[in-house]
Amino acid sequence: MRQILYGKTDWVDVAWTHGVLKHTIQKDSYSCGVYVMQMAKEVVESFPETPSKIRIPSSQHILSELRKEIAVTILEASVFNPKDHCSFCGQESPAGRVGRNTWIQCSSCARWYHAVCVNITIKGVRKLKRALWLCAFCT
């Protein structure tokens, strides 16, 4: 998706490894999502280096603000009109096919897809107009 949406291939050949990072310990039972997202953000932002320690403030007020920032970031990155954008590639038109789109809708979840993105030919789309088609999420 990163390559299709942004034309970026800078991480395509990166070999990832695992490890243990020192980090702030969560002190409540409900902020795990904030901690995980902040840790992931720190790791990605410092890449290719690895942070020696990840410090996350444990104040409830600051955690609440971080929670809001994370929500806004996710929403801004994910909002698109599903009737105008393919649920597979996220684009209005598949690569190299501007203005020549054949769409197919999942019979269960009603998401729209470019036929080419889900490997269905135009002939296949015509056949499926008389039958049910389920996307990968619904099968």
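Just so we're aligned: 62 in full-length UniProt numbering is position 62 of the sequence shown, and the numbers increase by one with no gaps anywhere.
Glycine residues also receive a C-beta, built at the ideal position from the N, C-alpha and C atoms.
Bear in mind that the values here come from a model prediction, so they are computed numbers and not experimental data.
Next item on the list: Tell me K53's beta-bridge partners as DSSP assigns them.
Entry: Residue pairing from DSSP places K53 in a beta bridge opposite K22.
Notebook entry, point to check: Do the region 52 to 64 and the region 73 to 84 meet, that is, are 3 or more Cβ pairs less than 8 Å apart?
Noted result: Cβ pair count under 8 Å is below three, so no.
Next item on the list: State the beta-bridge partners of W114 as determined by DSSP.
Entry: Note on residue identity: the sequence assigns His, not Trp, to residue 114. Looking at the DSSP assignment, H114 forms a beta bridge with W103.
Next item on the list: Using a threshold of 9 Å, state whether the C-beta atoms of P48 and V14 are closer than that.
Entry: A contact, by the Cβ cut-off of 9 Å.
Item checked: At least 3 beta-carbon pairs within less than 8 Å: the region 128 to 136 vs the region 100 to 114 -> In short, these stretches touch, since the Cβ pair count reaches three.
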